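Worksheet: one structure, shown below.
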Amino acid sequence: MNASDAFAQLKFRDPERARGLRDALDRLVQHADHAPVSVMHVCGSHEQAIAKFGLRAAFPEDLQVIMGPGCPVCVTDVPEVDEAVALAKQGVRIATYGDMLRVPGTSQSLADAKAEGANVDIVYSVTQAVELARENDEEIVFFASGFETTAVATAAVLVDDPPDNLSVLSAHKYIPPVMEIVAEMPETKIEGFLAAGHAATITGSGVFEKFVERHRLPVVIAGFEPLDVLAGLAKLLEVINSGEPRVENAFPRCVTREGNVHAQKLLWRVFRPTGGRWRGIAHVPNGNLRLRDEFAQYDTRKRFTIDASALWDYAPPKLVERCQCGDIMAGISSPAGCQLFGKECTPDKPVGACMVSAEGTCRIWHQYGGRPDLRSVKRGAA
Amino acid sequence: MTRNARLIDERITLKYGTGGGAMRALIEQVFAKGLGDVGEDGIGLAAMDDGAAIRIGDQYLVIATDSHVVQPIEFPGGDIGRLAVSGTVNDLAMMGATEPLALTCAAIIEDGFSRDVLMRIWESIRATCEEAGTTIVTGDTKVMGHGELDGLVLNTTGVGLTKRLVSDAGLRPGDKILVTGTMGDHGLAIMATRNELALETTLESDVAPVHTLVRRALDVGGEGVVALKDPTRGGLSSALHEMAEKSDVGIIVDETAVPLRDEVRAVGELLGIDPLVSANEGKAVFGLRPDCADGVLDAIRSHPLGRNAAIVGECVAERPGFIVLDTGFGSRLLAEAEGELLPRIC
Amino acid sequence: MCLGVPGKVVEIDHENQIATVDFWGVKKQVRLEVCDAPVEPGDFILNHVGFAIRRIPPEDAAETLALYDELLRLADEQDLMTADVRAEIDAAPDANRPATGARDERK
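Chains as they are written, first to last, in the working numbering: chain A, 4 to 385; chain B, 915 to 1260; chain C, 9 to 115.
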């Protein structure tokens, strides 16, 4: 068996193994000495995979898989969005990943600013922002969202002699610190974490060892194919049942204990972790990634005077006060428990960022029907 | 009012053109108000079917009209001209009028448009008309100022006669859903040409007139064909949502049975776009009574444009208006694409 | 966003550190400078927003499948064990039945 065969035959999507793993989950949950068993994942791509493959309908009823604060766009705080919107309205050209366009700031999103005439480009990669800067004389600001995996790409571009008219407005975030916050919340019932396979490809599995020691909560690193997710959860249940919390790597083809050292060096050469607010989660120590002083010349915050005060003249819409994104992201509430969900807050007219991003809990629930009871659905086609 | 109807916004934005719920709301609340009544024995504007039908003697006159704004004008597998002819011929066919009588074609051209490109488009229109056994009998030409229009816009209207109308609203629990071939080809082929994505693919649009394919199916299935639609904007998802809403049934789709080209699947994964919400321009979706389903499937597969046809779903009484997707790993609801996922694809 | 998708390297521009990668029939250019190992045509890489972040060693695919199979086997074994224990309990005369764990109200 080589990788070529595996990919060619999409063995990581083999329905038979999937069935076996689902049954394994059933049995593992039954062996737990309590119900329900609650675990959390902290990655928007995991939520996408679970939603896309309809895995929630396949999980045992007594297994709760909660999406934590793993959507980088969702946790981008209002003042950060305001910075970008203010710049756009000041006439500066902004390039950003598509998801960020509709995230609401205090009163406007970048999409609103664009509809009013601001110059906002959607890019699919930071290298496109570089091309924009090379092809144009004007200033280009790359509004950079994403967790550590994506920050590596931004870092690579910044050490590669970028054009002078490019600067980066960093809203990048770092995941491990927010796991600490969730683990320390008194209301939390989380018994274990599924960690993001791609972030761990960069940071290595070792980065979770101290966390596990401190909080006595297991962490299993999982990939994103359906078998990866099911196997990761099975492994997590197994470790929970064993009563011996530890770090386990269920994504060995991409994750090693020390990770991608070269990428790590690059990441920490360009970025420094600082404390900051995550939307709806309050302060996360070391959760934000900002450019180091050596890269000040490419730091939008140093290059421009950003005046966001005009945006604050608008009183925050009343709806925002009733938005439950923070609790939803911390795993304490669910979209079904939010009064605005599906009514005043829809993908068309989002109130909170969870409804905006393709990876946001509320958006995915709205798109895929949340967690309707589809267990009874039997295949009907001939 | 359709399920989940919402009031339209003050400003008409791109999402109203994507063929989904927003567009249906626009038609209901603006276009169809006070217009489109053709009497009891006919299909008018309010039905929001692929075309209209007016009773004449012992037959129906079927009329369908489309405007085409696709960008780029020439794309892998076709161009705006082939799209225009195929689109209208197919709309007529979806109502049961599989022998088009004639087409019109109006062109709005931007000042500065290349004559050679125009001639290529027209050659394509000629060739597709010949393929479809029809012709353009009248039209109109306008030229607008440079920058007032993006290149070229075409509008085509088609007329045909049929003794039997096929609705898109005749489903009941137990009926089967059939697709005539691979899904998502056109939309993703267009998407892949957008330069900024920098993808190298051999994806091609499936644009083609499928009226002879539909004819074969109707001849075999007869009254057993109870719903028929072409899954254009919004893809299979939109077509099924409309059928399910109009008939008040739920539909369960076996995702593993839906035919997909490997490359379409790959581009869809890379871009995060579900092929089931991506447009098709050479396919049809049938709702069939169970006893005729296998016969119709064989008939369609015997046609060159139907080799990959498959039965992919079943209607149920539960969850009317909703489409449930059995993914092979679990199940989820198949949603309609809400916003301007893929602008200017047809 | 092109997030975390694996693909096969077809061609490499060593000077500019750019690979042409095949994702099940679709080709895209991917930058190599942050990859964790040198890459050759035929290798599989994990792409994240246009950068290769991992060279996936071919033997690791087999390791992953082995992991899944091991989990299946373990779950099977746990099940067998429970069946044995249950049989013993049932066989013992006047045995105290173990209390079943309380289950939370289903939402």
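The beta carbon of each residue, even a glycine, is placed where N, CA and C say it ideally should be. As the structure is a computational prediction, the values presented were derived from the model and not from experiment.
Interface flag, residue i vs chain A, CB-CB below 8 angstroms
{"i": "Gly-33(C)", "result": "no"}
{"i": "Glu-71(C)", "result": "yes"}
{"i": "Pro-1257(B)", "result": "Low confidence applies here, because Pro-1257(B) scores a pLDDT of 47, under 50, leaving its location unreliable; read the following figure in that light. Output row for Pro-1257(B): interface = no."}
{"i": "Thr-916(B)", "result": "Unreliable placement is indicated for Thr-916(B), whose pLDDT of 44 sits below 50; the coordinate value is still reported in the next sentence. So no, Thr-916(B) is outside the interface."}
{"i": "His-56(C)", "result": "yes"}
Coarse secondary structure for residue i, derived from DSSP in three states
{"i": "Ser-208(A)", "result": "helix"}
{"i": "Thr-28(C)", "result": "strand"}
{"i": "Cys-348(A)", "result": "strand"}
{"i": "Ser-981(B)", "result": "strand"}
{"i": "His-1217(B)", "result": "coil"}
{"i": "Phe-15(A)", "result": "helix"}
{"i": "Gly-934(B)", "result": "coil"}
{"i": "Gly-1092(B)", "result": "Here residue 1092(B) turns out to be Leu, not Gly, going by the sequence shown. Leu-1092(B) falls in the strand class under three-state DSSP."}
{"i": "Ala-1020(B)", "result": "strand"}
{"i": "Thr-191(A)", "result": "coil"}
{"i": "Val-1238(B)", "result": "strand"}
{"i": "Asp-1162(B)", "result": "coil"}
{"i": "Ser-1245(B)", "result": "strand"}
{"i": "Arg-62(C)", "result": "strand"}
{"i": "Thr-1049(B)", "result": "coil"}
{"i": "Thr-153(A)", "result": "helix"}
{"i": "Asp-3(A)", "result": "The structure shown does not extend to residue 3(A), since chain A is modelled only from 4 to 385, so the question has no answer here."}
{"i": "Ala-121(A)", "result": "coil"}
{"i": "Cys-1229(B)", "result": "strand"}
Any C-beta of chain C under 8 angstroms from that of residue i
{"i": "Pro-180(A)", "result": "no"}
{"i": "Ala-318(A)", "result": "Low per-residue confidence applies at Ala-318(A): pLDDT is 48, beneath 50, and the placement is therefore not dependable, though the value from the model is reported in the following sentence. Judged by the 8 angstroms Cβ criterion, Ala-318(A) is not in contact with chain C."}
{"i": "Leu-1113(B)", "result": "yes"}
{"i": "Val-1181(B)", "result": "yes"}
{"i": "Lys-238(A)", "result": "yes"}
{"i": "Thr-303(A)", "result": "no"}
{"i": "Gly-23(A)", "result": "yes"}
{"i": "Glu-1118(B)", "result": "no"}
{"i": "His-175(A)", "result": "no"}
{"i": "Ile-3(A)", "result": "An answer regarding residue 3(A) cannot be provided, because it is not within the stretch 4 to 385 covered by chain A."}
{"i": "Pro-255(A)", "result": "yes"}
{"i": "Glu-1159(B)", "result": "no"}
{"i": "Leu-949(B)", "result": "no"}
{"i": "Leu-172(A)", "result": "no"}
{"i": "Ser-128(A)", "result": "yes"}
Whole-Å CB distance - residue i paired with residue j, under 8 angstroms assumed
{"i": "Val-133(A)", "j": "Val-162(A)", "result": "Actually they do not touch by this definition, with Cβ atoms about 12 angstroms apart."}
{"i": "Ala-1141(B)", "j": "Pro-1173(B)", "result": "About 19 angstroms; that fails the 8 angstroms criterion."}
{"i": "Asp-980(B)", "j": "Thr-1070(B)", "result": "6 angstroms"}
{"i": "Ala-1131(B)", "j": "Val-1210(B)", "result": "5 angstroms"}
Nearest to residue i (by Cα), restricted to the options the options
{"i": "Glu-324(A)", "options": "Val-129(A), Cys-341(A), Gly-334(A), Ala-98(A)", "result": "Cys-341(A)"}
{"i": "Arg-1221(B)", "options": "Ala-1020(B), Ala-978(B), Leu-1092(B), His-1155(B)", "result": "Leu-1092(B)"}
{"i": "Leu-975(B)", "options": "Asp-955(B), Gln-943(B), His-982(B)", "result": "Asp-955(B)"}
{"i": "Phe-31(C)", "options": "Val-1003(B), Leu-921(B), Ile-957(B), Asp-1176(B)", "result": "Asp-1176(B)"}
{"i": "Ile-224(A)", "options": "Thr-308(A), Cys-257(A), Val-76(A)", "result": "Cys-257(A)"}
{"i": "Pro-14(C)", "options": "Gly-329(A), Gly-200(A), Arg-275(A)", "result": "Gly-200(A)"}
{"i": "Ser-1192(B)", "options": "Ala-1103(B), Val-1139(B), Ala-1122(B), Thr-1116(B)", "result": "Ala-1103(B)"}
{"i": "Ala-1158(B)", "options": "Ile-926(B), Arg-1029(B), Glu-1250(B), Ala-998(B)", "result": "Glu-1250(B)"}
{"i": "Thr-79(A)", "options": "Met-103(A), Ser-110(A), Glu-297(A)", "result": "Met-103(A)"}
{"i": "Ala-186(A)", "options": "Thr-157(A), Ala-174(A), Leu-220(A)", "result": "Leu-220(A)"}
{"i": "Asp-1089(B)", "options": "Ala-1046(B), Thr-1126(B), Gly-1135(B), Thr-1115(B)", "result": "Gly-1135(B)"}
Under 7 angstroms from the C-beta of residue i: neighbouring residues of chain A
{"i": "Leu-40(C)", "result": "Under the 7 angstroms cutoff, chain A gives no residues; its nearest Cβ is about 10 angstroms from Leu-40(C)."}
{"i": "Leu-1239(B)", "result": "Gly-57"}
Test: residue i CB closer than 8 angstroms to a CB of chain B
{"i": "Pro-229(A)", "result": "yes"}
{"i": "Phe-15(A)", "result": "no"}
{"i": "Asp-342(A)", "result": "Inspection of the sequence shows that residue 342(A) is occupied by Gln rather than by Asp. No, Gln-342(A) lies away from the interface with chain B (no Cβ there is under 8 angstroms from its Cβ)."}
{"i": "Ala-132(A)", "result": "no"}
Listed by chain order, chain A residues near residue i by CB distance under 8 angstroms
{"i": "Phe-1027(B)", "result": "In chain order: nothing, as chain A lies at least about 26 angstroms away."}
Chain C residues whose Cβ lies nearer than 7 angstroms to that of residue i
{"i": "Arg-20(A)", "result": "Tyr-76"}
{"i": "Asp-1176(B)", "result": "Trp-32, Gly-33"}
Interface partners of residue i on chain B, CB under 7 angstroms
{"i": "Ala-61(A)", "result": "Phe-1243, Gly-1244"}
{"i": "Gln-37(C)", "result": "Ala-1112"}
Proximity test, residue i beta-carbon vs the ligand GDP heavy atom, cut-off 7 angstroms
{"i": "Asn-252(A)", "result": "Of the ligands one can find in the structure shown there are none, so the ligand GDP has no counterpart to examine."}
Where residue i meets chain B, residues with beta-carbon distance less than 9 angstroms
{"i": "Tyr-156(A)", "result": "The sequence as given places Ala at residue 156(A); Tyr does not occur at that position. Near Ala-156(A) there are no residues of chain B at all, since even the closest Cβ is about 15 angstroms away, more than 9 angstroms."}
Chain-ordered chain B contacts of residue i [CB-CB under 8 angstroms]
{"i": "Val-13(C)", "result": "Glu-1183, Leu-1184"}
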